[in-house]
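Engineer: First the structure, which I've put down as structure tokens, then a few questions once you've had a look.
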Amino acid sequence: MGKTLDINIHHLTRVEGHGNIIVRASDGKVEKCHLQIVETPRVFESMICGLSWRDTAMLTCRICGICSVGHTTASIQATDDAFGLKLTPEVLALRKLMLLAEEIQSHVLHVYFLAAPDALGAGSVLPLASSHPEVVKRALRMKKVGNVICDAVAGRHVHPIALVPGGFTHVPSKKDLKKVQDYILMLNDDVDATVETVAAIGGAFPKFEREREDVSLTHPDEYAFYNGQLKSSKTGVHDIHDYAKVIHEFCVEHSTSKHVRNVDACLAVGALSRFNNNAAQLNDRGQAAAKKLGLKAPCYNPYYNNLAQTVEIAHFYDEAVKLMDQIMKMDLTEATLAPNVTPKAGRGIGLTEVPRGLLVHDYTYDEKGVCTKANCVIPTGMNLANIDHDMQKYVPEVINTRTQDQIGHDLEMLVRSYDPCISCSVHLLKVDWV
Amino acid sequence: MAKPRVSFHDFTSCEGCQLQVLNCEDELLGIVGAVDIVNFREAIDEKSDEYDIAFIEGAFTRESDRKRLEHIRKCAKIVVALGACACTGGLNVLKNFRGIDESMKKVYGEAASWYETSPALPIEAAIKVDVKINGCPIPKQEFLEVVKSVLAGRTPQIPDYPVCVECKLRENVCLFQKGEYCMGVVAKAGCNAWCPSYGGRCYACRGLITDFNKNAAKDVLAEYGLTLEQVMAEFRMFNGVFPVAEPPADGALKS
Numbered sequence: 002m003g004k005t006l007d008i009n010i011h012h013l014t015r016v017e018g019h020g021n022i023i024v025r026a027s028d029g030k031v032e033k034c035h036l037q038i039v040e041t042p043r044v045f046e047s048m049i050c051g052l053s054w055r056d057t058a059m060l061t062c063r064i065c066g067i068c069s070v071g072h073t074t075a076s077i078q079a080t081d082d083a084f085g086l087k088l089t090p091e092v093l094a095l096r097k098l099m100l101l102a103e104e105i106q107s108h109v110l111h112v113y114f115l116a117a118p119d120a121l122g123a124g125s126v127l128p129l130a131s132s133h134p135e136v137v138k139r140a141l142r143m144k145k146v147g148n149v150i151c152d153a154v155a156g157r158h159v160h161p162i163a164l165v166p167g168g169f170t171h172v173p174s175k176k177d178l179k180k181v182q183d184y185i186l187m188l189n190d191d192v193d194a195t196v197e198t199v200a201a202i203g204g205a206f207p208k209f210e211r212e213r214e215d216v217s218l219t220h221p222d223e224y225a226f227y228n229g230q231l232k233s234s235k236t237g238v239h240d241i242h243d244y245a246k247v248i249h250e251f252c253v254e255h256s257t258s259k260h261v262r263n264v265d266a267c268l269a270v271g272a273l274s275r276f277n278n279n280a281a282q283l284n285d286r287g288q289a290a291a292k293k294l295g296l297k298a299p300c301y302n303p304y305y306n307n308l309a310q311t312v313e314i315a316h317f318y319d320e321a322v323k324l325m326d327q328i329m330k331m332d333l334t335e336a337t338l339a340p341n342v343t344p345k346a347g348r349g350i351g352l353t354e355v356p357r358g359l360l361v362h363d364y365t366y367d368e369k370g371v372c373t374k375a376n377c378v379i380p381t382g383m384n385l386a387n388i389d390h391d392m393q394k395y396v397p398e399v400i401n402t403r404t405q406d407q408i409g410h411d412l413e414m415l416v417r418s419y420d421p422c423i424s425c426s427v428h429l430l431k432v433d434w435v
Numbered sequence: 011m012a013k014p015r016v017s018f019h020d021f022t023s024c025e026g027c028q029l030q031v032l033n034c035e036d037e038l039l040g041i042v043g044a045v046d047i048v049n050f051r052e053a054i055d056e057k058s059d060e061y062d063i064a065f066i067e068g069a070f071t072r073e074s075d076r077k078r079l080e081h082i083r084k085c086a087k088i089v090v091a092l093g094a095c096a097c098t099g100g101l102n103v104l105k106n107f108r109g110i111d112e113s114m115k116k117v118y119g120e121a122a123s124w125y126e127t128s129p130a131l132p133i134e135a136a137i138k139v140d141v142k143i144n145g146c147p148i149p150k151q152e153f154l155e156v157v158k159s160v161l162a163g164r165t166p167q168i169p170d171y172p173v174c175v176e177c178k179l180r181e182n183v184c185l186f187q188k189g190e191y192c193m194g195v196v197a198k199a200g201c202n203a204w205c206p207s208y209g210g211r212c213y214a215c216r217g218l219i220t221d222f223n224k225n226a227a228k229d230v231l232a233e234y235g236l237t238l239e240q241v242m243a244e245f246r247m248f249n250g251v252f253p254v255a256e257p258p259a260d261g262a263l264k265s
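This is the structure:
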């Protein structure tokens, strides 16, 4: 007689958005095993139709407050593409700096506040705030870099104001930028300490592997994050305008977010996919972090997305330092930053690597620059089918050796590995650690 | 005295306003020393039905969410609507103008019938709200003001004058002077003219001031060459739940 399982984790905690984990098994056989997404339908692709090009990014950045800069970046790249806009090096540099800020902020919070409590058997970061106060203070210091950079360049991080198609509507002052640079440089030791901390807890993640298709951007000159070509570990490199040949969306009844597949039944995006596809292009600091964490490409343990994010914190940090140095030498004026946009009819596509993975914005405009059709493909959605397949492989492997509660906990950790949430640090505030 | 128990909940939103709460890195510590946070699904495993103050982010866009809202209302002494989605329905209301069935079909195709949705509304459409923190996203300073007020048992000081006042104080060049247009003339202040100060126009994300002259506002926009359709689009962006977002009966823009 095999084992019976009935796991129903309602409104999974420590993830952004609403999801339930459902597992049913009887007589040792898994009958049902998936992640239900019960978030309300938000229909952005319908709301955007009829909006002017001036307002499309304003709307779509509000898909997610946490990846707001990422959404804005993909959105304005789609509009740039549709209108054939040329960008100055100054605009490009500031856009990249903002995106780096968001990647670092998001990864820091996921690694410290979501993954670390799991690895240490805590229900939240709270107990860590009293047992490891220095670690928690360091995490908050690093998190703040996202706000420091985005406040100076575009007014704020959540729904940035000045970041628009073709350029920026605000010229940051040299004085403000110097403060930003000082803040970034102040974090230098924190980056190494982060790698140390994660290396110390990395062994706590389950050893589980499932081969998968990794999809990300790739770029000839850098570890791709802002733009590039589309790379699949199964079907090779594609022009971004052919994204629909790789990213096939389909509906499933148990999720209000669409699922995505390519040649197999599922595909994966995110830090681990970027690492698997582009690890050779990491800078020295990123390479050193990967070595320290024992992470080698290709890695098929989805729990190690946490490690890949840590590698990226180290890599993106050094990229931000270098870029900031260049920006300080640039001539930032209205002449080099102000957008100069003439709308025209056409379709534009923007692909960006945001913290959780590849993000697609695809807009069609009429001759007045009014949006007539849009498609947005969100990284979390791209990972959903992959998560279901991971769970469906994992549960039979452990059904006879782990208890129902243990399996439930493992699955929660699995989902969290894919889906970072930045909003966790509030929890700390209950503790008097200053 | 026991610390007040504080609870965070989210409905249809981007969760950016809860992030704004966390972004008060420097100021928040003092205040939260005074409270116990008992629900914050994004951050903690603990779940509790015993709390004094509930912060609710997000719009009410699904009839089946009514029960959850009513439950929160029953548990909390004070309900605070956090951000534009909760206060006015926010951007979500745009879908009401695009047609619910049509929007669902456009996004989900034949699978549209699998998912439940209804017109987007402020949470006030389901439950009584005691305090509103407006904005998309909320300004940090207003969140701090409201928390301090609620803890002290006084009424928070929220401006009821237009964004133009704050914009002038910041000595920004008026967007109308630059050939742009802006909702600052009718928008509720309190954000310190955030968007115009960074070169963006005001979308009135904090809602509209009380008793503004709606015809004059429409006249101003019309004078600067906006069509009726464009003026209505401006009002609908964040204020679609108000009657002003309906076009005049005679179809004429001028009052």
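Heads up: the sequence lines are chains U and R, in that order.
In terms of my numbering, the first sequence opens at residue 2 and continues consecutively.
In terms of my numbering, the second sequence opens at residue 11 and continues consecutively.
Note that beta-carbon positions come from the ideal geometry of N, C-alpha and C, so glycine has one too.
Quick caveat: nothing in here was measured; it's all calculated off a predicted structure.
(1) Would the beta-carbon of A197/R fall within 8 Å of that of P172/R?
(2) What does the alpha-carbon distance come out to for the pair L188/U and A321/U?
(3) Mind pulling the chain R residues with CB within less than 8 Å of A155/U?
(4) Just to confirm before moving on: does the CB-CB distance between V270/U and H260/U stay below 8 Å?
(5) Give me the residue from E223/U, G370/U, V136/U with the minimum Cα distance to V112/U.
(6) The alpha helix (DSSP H) that contains E80/R, what's its start and end?
(7) What residues of chain U sit near T71/R, judged by a beta carbon separation below 9 Å?
(8) Is the CB of Y118/R under 8 Å away from at least one CB in chain U?
(9) Quick one: which chain U residues come within Cβ less than 8 Å of P147/R?
(10) Would you report the Cα separation of G382/U and R43/U, rounded to the nearest angstrom?
(11) If you draw a straight line from the C-alpha of M247/R to the C-alpha of Q240/R, how long is it?
(12) Which of helix, strand or coil does DSSP assign to C372/U?
(13) Which term fits V238/U, buried or exposed, when burial requires 16 or more other beta carbons within 10 angstroms of its beta carbon?
(14) Buried or exposed: where does K232/U fall if 16 or more other Cβ atoms within 10 Å of its Cβ makes it buried?
(15) Taking the alpha carbon of Y61/R as the reference point, which residue from E176/R, L231/R, F18/R, I143/R has its own alpha carbon closest?
(16) Would you please state the rounded distance, in angstroms, between the beta carbons of P166/U and T80/U? I believe it to be under 8 Å.
(17) Kindly indicate which residue of I408/U, G85/U, G358/U has the alpha-carbon position closest to the one of Y419/U.
(18) Between M114/R and chain U, is there a C-beta pair that is closer than 8 Å?
(19) Taking only beta-carbon atoms, is G26/R less than 8 Å away from chain U?
(20) My understanding is that G26/R touches H133/U, with C-beta atoms under 8 Å, so please give their C-beta distance in whole angstroms.
(21) Roughly how many angstroms lie between the CA atoms of T22/R and T334/U, to the nearest whole one?
(22) What residues from the stretch 46-57 of chain U come within 9 Å of chain R, judged by C-beta to C-beta, listed N to C?
(23) Compute the beta-carbon to beta-carbon distance between C177/R and A203/R, rounded to the nearest angstrom, for a pair I have assumed lies under 8 Å.
(24) On the three-state DSSP scale, how would you describe E244/R?
(25) Does any C-beta atom of chain B lie closer than 8 Å to the C-beta of K198/R?
(26) So, with DSSP's three-state summary, where would you put Y364/U?
(27) What number of angstroms, rounded off, separates the C-alpha of T170/U from the C-alpha of K297/U?
(28) What are the start and end residues of the alpha helix (DSSP H) that includes A96/R?
(29) Using C-beta distances below 6 Å, list every residue in its chain close to V48/R, excluding the 5 sequence neighbours before and after it, in chain order.
(30) Between which two residues does the beta strand (DSSP E) holding N49/R run?
(31) Against chain R, with Cβ distances strictly below 8 Å, would S426/U count as a contact?
(32) If you measure beta-carbon to beta-carbon, which residues of the stretch 257-269 of chain U are closer than 9 Å to chain R?
Structural biologist: So, to answer that:
(1) By one-based count along the second sequence, residue 197/R stands at place 187. By one-based count along the second sequence, residue 172/R stands at place 162. Cβ distance < 8 Å, so A197/R and P172/R count as in contact.
(2) The residue given as residue 188/U occupies position 187 in the first sequence. The residue given as residue 321/U occupies position 320 in the first sequence. Straight-line spacing of the CA atoms in L188/U and A321/U works out to 11 Å.
(3) Mapped onto the first sequence, residue 155/U falls at position 154. Neighbourhood of A155/U in chain R, by CB distance below 8 Å: Y208, in chain order.
(4) Residue numbering aside, residue 270/U sits at position 269 when the first sequence is read from its first letter. Residue numbering aside, residue 260/U sits at position 259 when the first sequence is read from its first letter. No, the pair does not count as a contact, with Cβ atoms beyond the cut-off.
(5) Numbered from its first residue, the first sequence carries residue 112/U at position 111. Residue V136/U is the option with its Cα nearest to V112/U.
(6) The sequence position of residue 80/R within the second sequence is 70, counting from 1. Residues 76-85.
(7) To locate residue 71/R, count along the second sequence from 1; it is residue 61. Chain U residues near T71/R: T41, P42, R43.
(8) The sequence position of residue 118/R within the second sequence is 108, counting from 1. Chain U contact via Cβ: present.
(9) Here residue 147/R refers to the residue found at position 137 of the second sequence. What P147/R touches in chain U: G66, R157, V159, H160.
(10) Reading the first sequence from its first residue, position 381 is the one you call residue 382/U. Reading the first sequence from its first residue, position 42 is the one you call residue 43/U. Counting only the Cα atoms, R43/U lies some 14 Å from G382/U.
(11) Position 237 of the second sequence, counting from 1, holds the residue named residue 247/R. Position 230 of the second sequence, counting from 1, holds the residue named residue 240/R. Rounded to whole angstroms, M247/R to Q240/R spans 11 Å at the Cα level.
(12) The residue labelled residue 372/U in the question sits at position 371 within the first sequence. Note: C372/U maps to strand in three-state DSSP.
(13) In the first sequence, counting from the first residue as 1, residue 238/U sits at position 237. Taking all protein chains shown into account, V238/U has fewer than 16 neighbouring C-beta atoms within 10 Å of its C-beta and is therefore exposed.
(14) Within the first sequence, the letter at position 231 stands for residue 232/U. Flag for K232/U reads buried.
(15) The sequence position of residue 61/R within the second sequence is 51, counting from 1. The shortest Cα separation from Y61/R among E176/R, L231/R, F18/R, I143/R belongs to F18/R.
(16) Position 165 of the first sequence, counted from the first residue, corresponds to residue 166/U. Position 79 of the first sequence, counted from the first residue, corresponds to residue 80/U. Yes, they are in contact, since the Cβ atoms of P166/U and T80/U sit about 4 Å apart, within 8 Å.
(17) As a first step, residue 419/U is located in the first sequence; it is residue number 418 there, counting from the start. Checked all of I408/U, G85/U, G358/U; the closest Cα to Y419/U is G358/U.
(18) For the purposes of this step, residue 114/R is taken as residue 104 along the second sequence, with counting starting at 1. It does: the Cβ of M114/R has a partner Cβ on chain U nearer than 8 Å.
(19) As a working note, residue 26/R is residue 16 in the second sequence. It does; some Cβ of chain U falls within 8 Å.
(20) As a position in the second sequence, residue 26/R is number 16, starting the count at 1. As a position in the first sequence, residue 133/U is number 132, starting the count at 1. Wrong, their Cβ atoms sit about 29 Å apart, outside the cutoff.
(21) By 1-based counting over the second sequence, the position of residue 22/R is 12. By 1-based counting over the first sequence, the position of residue 334/U is 333. Roughly 39 Å separates the two Cα atoms.
(22) E46, S47, M48, I49, C50, G51, L52, S53, R55, D56
(23) On the second sequence, residue 177/R is found 167 positions in, with the first residue counted as 1. On the second sequence, residue 203/R is found 193 positions in, with the first residue counted as 1. With 8 Å as the limit, C177/R and A203/R qualify as a contact, their Cβ atoms being about 4 Å apart.
(24) Working through the second sequence from its first residue, we reach residue 244/R at position 234. Three-state DSSP puts E244/R in a helix.
(25) Going by chain labels, chain B is absent from the structure shown, which instead holds the protein chains U and R.
(26) Working through the first sequence from its first residue, we reach residue 364/U at position 363. Of the three classes helix, strand and coil, the one that applies to Y364/U here is strand, per DSSP.
(27) One-based indexing of the first sequence puts residue 170/U at position 169. One-based indexing of the first sequence puts residue 297/U at position 296. As the crow flies, the alpha-carbon of T170/U is around 42 Å from that of K297/U.
(28) Residue mapping note: residue 96/R aligns to position 86 of the second sequence, counting from 1. Boundaries of the alpha helix (DSSP H) around A96/R: 94-98.
(29) Along the second sequence, read from residue 1 onward, the residue named residue 48/R stands at position 38. Around V48/R: R15, S17, S58, Y61.
(30) What you label residue 49/R is simply residue 39 of the second sequence in a count that begins at 1. From DSSP, the beta strand (DSSP E) with N49/R extends over 46-50.
(31) Taking the first residue of the first sequence as 1, we reach residue 426/U at position 425. The pLDDT assigned to S426/U is 21, lower than 50, so where the model puts this residue is not dependable; a value taken from the coordinates is nonetheless given after this. So yes, S426/U belongs to the interface.
(32) Flagged, chain order: T257, K259.
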